[in-house]
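**Q** Pasting a structure below so you can have a look.
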Amino acid sequence: MKRKKLFDLSLLALGVAVAMTGGAASAGTPVTPIQHLIVVVGENVTFDTLYGTYQPPKGQTVKNLLSQGIVNAKGQPGPFYLTALQRTGTNNPGGQYSVAPVAGATFSVLPQPMEIGIVDLYTLQTLGGIPDARFPGNLSPGPFQITKYVPYGSTSSLSGSSSTGDPVHRFFQMWQQTGGVNQNHSLFTWVATTVGTGGDNGATGPTPGSPQQGGELMGFFNMAQGDAPYFNQLAQTYALSDNYHQAIMGGTGTNFFALGTGDVAVYNNSGVLATPPSNQIENPNPQSGTTNFYTQDGYSGGSYVNCSDSTQPGVAAILSVLESKSRASNCASGAYYLVNNYTPPYTVSGAANTLGATDYVYPPQTVPTIGEALSANSVSWKWYTAGRDSSDVLNDALYAPIYALVNSQVPANTPNRAAVVSGLAYSNTQAAIYNALGDPLNASSNIVNTPSLYQNLVGYQTFVNDVANGTLPAVSFVVPKDLVSGHPGYSAPVYYEQFINSLITMVQSSSAWANTAIIITTDEGGGYFDTGAIQNLDFFGDGPRIPLLVVSPYAKQGYVDHVYNDHASILKFIEYNWGLNPLSARSRDNLPNPAGTSYIPSNQPAIGDLTTLFQFPTP
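Here this note's numbering = 1-based position in the sequence shown + 38.
Quick look at the structure:
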């Protein structure tokens, strides 16, 4: 989740059938017919949340809520609903964090979903952790169909909005909900409702008595009843993965960083490993007198972990899981890794953000990126983040009402008033639509400070122009505006679906389409419930399943792929297609492709390279 102020009112007050072997003949030359790869990344939905009742074409199988008998096609409890019932938990004695709490009694009813994070577009206010009256207080304590209570496709204020409350999705919470492997599905709700997003979020944040989370994470959309029709159509027509995972347990920032690097951001001082301020170090041990409310965890607090040190809070519990599987942690000695969201080190204009104990900004990074690797091999690329281009801002539907609000509050005698009003309207609109956490290469000191690299960080209007002008680069990453990203609270899947429809229609109408592949996914699952098994790759993940589609003339038609993949699989496909080496000695793109036919590879740790979703001509 991105904890951001939508509007700064204080400022307003101031005025292949089988993957082909081998690589390209030479680095930079595509080995497949794919000359343009477009990776589109929305936000915060698990596979079961979106595709929980998807029914594939004849001859294909899918693992979801419906196929497992957890729900039926009408969205009602199925014969195996009991396997998804939510239970209370008991933590380890001695006040230590556990990734394996003991499951207790079943919830009598699901805690009522909350309004947490919902933005009312009429009042421009962000709602808090109070019950969402659109949902009944007696929901069965398992998965429920969201659209029995909230319409899928509406666009007005809360009473008719498609937006719903925002589940907690942070690192230690996800480890605890899934146990790292997600064999036991019963503690998702207990974790969410005992800790929430942690206690370091200021006066209005969660407290032990009010963690501000309910049962919203157990909701799903029902494709079998008409929800998400375009996402359904894409899966029926092209290729869908039911075994693609977010790379890191936790939220937006760390998973976008993994998309760009196959790695994790680290605390440093001018490139040298250092220790962050003590208030920024995670401590998921329960506070004294609480069931499971973490000692130091929150958007204005703990986010770094020295996972090489088993004496650090929370670390031993995760290392024990890895040790039981003879799995390396991938934690460098003395390194403090950023496992939750902090503000990137550079602004949208490339200026350095202030660093400090109370600034919650992570330092400039030297972790190798996919952008640098592509440029080094003369492969063109751009990272298109909506909100970077001035036209993204000025043409957004929010600009006019924000301008009017600013204009009503800036005093008439303010010097250079017109410029002040325009500047405030622009900056507040940009803050509302630009996904700073979704622009991870903007955290690289090398990219930001090298003009030939930095020029590749652009906005969405530039993407539109590049498609129209036939100037698409070989590799494109596209991040939509926040309000159409699908993120619960201030967006919803219907808006991301509409964005994807528009983008695909535009690309299919262009000269590039014949040699293009569009990969559609999300950054992470948003804390929603999912039943997919997870592979322990290292200390950081993997995390839960999320949707991934391949839309291309070369995508297998109506196919459901079961090969285990995560965000580094996108990097592996880029490297395979253009003959590049892995980004670094420790990045996830070094892992082998999976062996065996089960959902968890027989040669784990292993992740695919996405080639199994394609049907390429025989070379």
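A virtual CB, placed ideally from N, CA and C, is assigned to each residue, including glycine.
1. Give the C-beta separation of residue 654 and residue 71 to the nearest angstrom, bearing in mind that I take them to be a contact with Cβ-Cβ under 8 Å.
2. So, for residue 298: in the same chain, excluding its five sequence neighbours on each side, which residues have a beta-carbon less than 6 Å away from its beta-carbon?
3. Relative to the C-alpha of residue 510, which candidate in 76, 65, 325, 580 has its C-alpha closest?
4. Given a threshold of 16 other Cβ atoms within 10 Å of its Cβ, counted over all protein chains shown, does residue 451 qualify as buried or as exposed?
5. I need the DSSP call for residue 614, collapsed to helix, strand or coil.
6. Pick from 446, 501, 426: whose alpha carbon is nearest that of residue 469?
7. Give the C-beta separation of residue 86 and residue 226 to the nearest angstrom, bearing in mind that I take them to be a contact with Cβ-Cβ under 8 Å.
8. Could you tell me which of 536, 165, 463 sits nearest to residue 671, measuring between CA atoms?
9. Output needed for residue 185: all residues of its chain with C-beta closer than 7 Å, excluding positions within five of it in sequence on either side, in chain order.
10. State the beta-bridge partners of residue 627 as determined by DSSP.
11. So what's residue 279 in DSSP terms, helix, strand or just coil?
12. Could you tell me the alpha carbon to alpha carbon distance between residue 488 and residue 135, rounded to whole angstroms?
13. Measure the C-alpha to C-alpha separation of residue 648 and residue 592 and round it to an integer number of angstroms.
14. Do you know how far the Cα of residue 564 is from the Cα of residue 283?
15. What do you get for residue 361, buried or exposed, if any count of 16 or more other CB atoms within 10 angstroms of its CB means buried?
16. According to the neighbour-count rule (16 or more other Cβ atoms, all chains shown, within 10 Å of its Cβ), is residue 518 buried or exposed?
17. So, at 8 Å on beta carbons, what are the nonlocal neighbours of residue 505 in its own chain, with the 5 sequence-adjacent residues on each side left out?
18. Between residue 183 and residue 651, what straight-line distance do the alpha-carbon atoms span, to the nearest angstrom?
19. Give a yes or no on whether the minimum CB-CB distance between residue 479 and chain D is below 9 Å.
20. From this set, 380, 256, 342, which residue's C-alpha is nearest residue 476's C-alpha?
21. From the DSSP output, in three-state form, read off residue 155 for me.
22. By the 10 Å Cβ neighbour count, where 16 or more other Cβ atoms means buried, how is residue 310 classified, buried or exposed?
23. Exposed or buried, which one is residue 307 when buried takes at least 16 other CB atoms within 10 Å?
24. Could you check how far apart the C-beta atoms of residue 634 and residue 94 are, in whole angstroms? I think they sit under 8 Å.
25. Please report the straight-line C-alpha distance between residue 599 and residue 643, rounded to a whole angstrom.
26. Can you look up residue 442 in the DSSP assignment and give me helix, strand or coil?
27. Mapping the DSSP letters down to three states, classify residue 467 as helix, strand or coil.
28. Beta-carbon within less than 7 Å of residue 272's beta-carbon, same chain only, minus the 5 sequence neighbours each way: which residues are those?
29. Please say whether residue 294 and residue 576 have beta carbons closer to each other than 9 Å?
30. Write down every uninterrupted run of the beta strand (DSSP E) in the stretch 287-364 whose length is 3 residues or greater and which is fully enclosed by it, in chain order.
31. Taking only the alpha-carbon atoms, compute the straight-line gap between residue 320 and residue 343 and give it to the nearest angstrom.
32. Would you mind giving the Cβ-Cβ distance between residue 221 and residue 571, rounded to the nearest angstrom? I have them listed as a contact below 8 Å.
33. Buried or exposed: which applies to residue 120, given that a residue is buried once 16 or more other Cβ atoms fall within 10 Å of its Cβ?
34. With a threshold of 16 other CB atoms inside 10 Å of the CB of residue 140, please say whether the residue is buried or exposed.
35. If contacts are defined as beta-carbon pairs under 8 Å, then residue 638 and residue 602 qualify, I think. What distance do you get, rounded to the angstrom?
36. Return the chain-ordered ranges of every beta strand (DSSP E) run that is complete within the stretch 197-283 and spans a minimum of 3 residues.
**A** The structure says:
1. 7 Å
2. 407, 408, 478, 479
3. 76
4. exposed
5. helix
6. The shortest C-alpha separation from residue 469 is found at 426.
7. Their Cβ separation, rounded to whole angstroms, is 11 Å, which puts residue 86 and residue 226 out of contact at 8 Å.
8. Look at the range of the chain in this structure, 39 to 657, and you will see that residue 671 is not part of it.
9. 259, 260, 265
10. DSSP lists no partner for residue 627.
11. strand
12. 43 Å
13. 12 Å
14. 12 Å
15. exposed
16. Burial call: buried.
17. 544, 545, 548, 550
18. 29 Å
19. In the structure shown, chain D does not exist; there is a single protein chain.
20. 380
21. In the three-state DSSP reduction, residue 155 falls in the coil class, being neither helix nor strand.
22. Residue 310 should be labelled exposed.
23. exposed
24. Not confirmed; about 22 Å, so no contact.
25. Each residue's alpha carbon lies about 19 Å from the other.
26. helix
27. helix
28. 587, 589
29. No, they are not a contact pair.
30. 321-324, 332-334
31. Looking at the two C-alpha atoms, the distance is approximately 6 Å.
32. 7 Å between Cβ atoms; contact.
33. exposed
34. exposed
35. 7 Å
36. 277-279
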